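K.L.:
Sending over a structure as structure tokens; questions will come in a sec.
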Amino acid sequence: MSDSDSLPRIPLGPALPDMRALPTLSAAQVLHPAPDSRPTGQHSLLGADWEFEGQARIAGSLTVAGVWRGRLDATPAQGEGHVIITESGRLQGKLQARSLSVLGHADGLLQASGRVTLHASAVVSGQVRYGQLQVNGAELNARVERLVDLP
Numbered sequence: 556m557s558d559s560d561s562l563p564r565i566p567l568g569p570a571l572p573d574m575r576a577l578p579t580l581s582a583a584q585v586l587h588p589a590p591d592s593r594p595t596g597q598h599s600l601l602g603a604d605w606e607f608e609g610q611a612r613i614a615g616s617l618t619v620a621g622v623w624r625g626r627l628d629a630t631p632a633q634g635e636g637h638v639i640i641t642e643s644g645r646l647q648g649k650l651q652a653r654s655l656s657v658l659g660h661a662d663g664l665l666q667a668s669g670r671v672t673l674h675a676s677a678v679v680s681g682q683v684r685y686g687q688l689q690v691n692g693a694e695l696n697a698r699v700e701r702l703v704d705l706p
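Quick note: to get my numbering, add 555 to the position in the sequence shown (first position is 1).
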């Protein structure tokens, strides 16, 4: 009997994902994706302890619970492209999405062809361009502009 056999065993249960089921990408797939390999129906998360700086194009939808600085394009086809900035989330820069819900802080150019919802906990400054706008008691110090379909 070894020392490790005498240690108590604590089941972790669903706390850890099945490592065999996690998707992986090769460098070639990341640098040179197939033209028809764009994922659909996916939701991504920038966690509360994460910070991102740069620019990205997101297929699917995104929840920002951490800090995003830079440019974010979440305007894919097929009705996707919803971005949620949670109460702990902060976005600084330029955002383009199909729809946007803000519960945290956002500063910069925010553009959504559909609905922009600013919740009571939101603090928004800069410029907001929207198809529809719903303000639920948010702190809004921004230039707002409705997007109009041109003939």
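Note that beta-carbon positions come from the ideal geometry of N, C-alpha and C, so glycine has one too.
Fair warning: this is a prediction, and the values are worked out from it, not measured in the lab.
What would DSSP say about Ser680, mapped onto helix, strand or coil?
P.N.:
Three-state DSSP puts Ser680 in a strand.
K.L.:
With a 10 Å radius around its C-beta and 16 neighbouring C-beta atoms as the bar for buried, classify Ala603 as buried or exposed.
P.N.:
Label assigned to Ala603: exposed.
K.L.:
In the DSSP assignment, find the beta strand (DSSP E) that holds Leu702 and state where it starts and stops.
P.N.:
That residue, Leu702, is in no beta strand (DSSP E); it is neither H nor E in DSSP.
K.L.:
Mapping DSSP to helix, strand and coil, what is Thr606?
P.N.:
According to the sequence as given, residue 606 is Glu; it is not Thr. Residue state, collapsed to three classes: strand.
K.L.:
Please list, in chain order, all residues of the same chain as Val638 whose beta carbon is under 6 Å from its beta carbon, the five residues on each side excluded.
P.N.:
Excluding positions up to five away in sequence, the list reads Leu617, Ala629, Ala652 and Leu655.
K.L.:
Could you round the C-beta distance between Gly625 and Gly609 to whole angstroms and report it? I think they count as a contact, below 8 Å.
P.N.:
So it is a contact: roughly 5 Å between Cβ atoms.
K.L.:
Measure the beta-carbon distance from Glu642 to Leu665 and round it to whole angstroms, keeping in mind my assumption that it falls under 8 Å.
P.N.:
Rounded, the Cβ-Cβ distance is 17 Å, inconsistent with contact.
K.L.:
What are the uninterrupted segments assigned as beta strand (DSSP E) that are 3 or more residues long and contained completely in the segment 645-670, given in chain order?
P.N.:
Segments of the beta strand (DSSP E) lying fully in the segment 645-670: 645-652 and 654-657.
K.L.:
Tell me the rounded alpha-carbon separation between Ser676 and Glu694.
P.N.:
Straight-line Cα distance between these residues: approximately 8 Å.
K.L.:
Quick check on this structure: which residue in Val690, Val619 and Gly669 has the alpha carbon closest to the alpha carbon of Leu646?
P.N.:
When each option's Cα is compared against that of Leu646, the closest is Val619.
K.L.:
Please state the DSSP three-state secondary structure of Gln597.
P.N.:
Looking at Gln597 - three-state DSSP - the assignment turns out to be coil, as it is neither helix nor strand.
K.L.:
Throw me the rounded Cβ distance for the Glu635 and Gly615 pair, which I believe falls under 8 Å.
P.N.:
At roughly 5 Å, the Cβ-Cβ gap stays under 8 Å, so Glu635 and Gly615 are in contact.
K.L.:
By the DSSP assignment, the beta strand (DSSP E) with Thr618 in it spans what residues?
P.N.:
Here the beta strand (DSSP E) through Thr618 covers Ser616 to Val619.
K.L.:
Would you mind reading off the limits of the beta strand (DSSP E) that contains Ala675?
P.N.:
Ala675 -> no beta strand (DSSP E), and no H or E assigned at all.
K.L.:
Measuring CA to CA, which of His674, Asn696 and Gly692 is closest to Val683?
P.N.:
Closest option to Val683, Cα to Cα, is Asn696.
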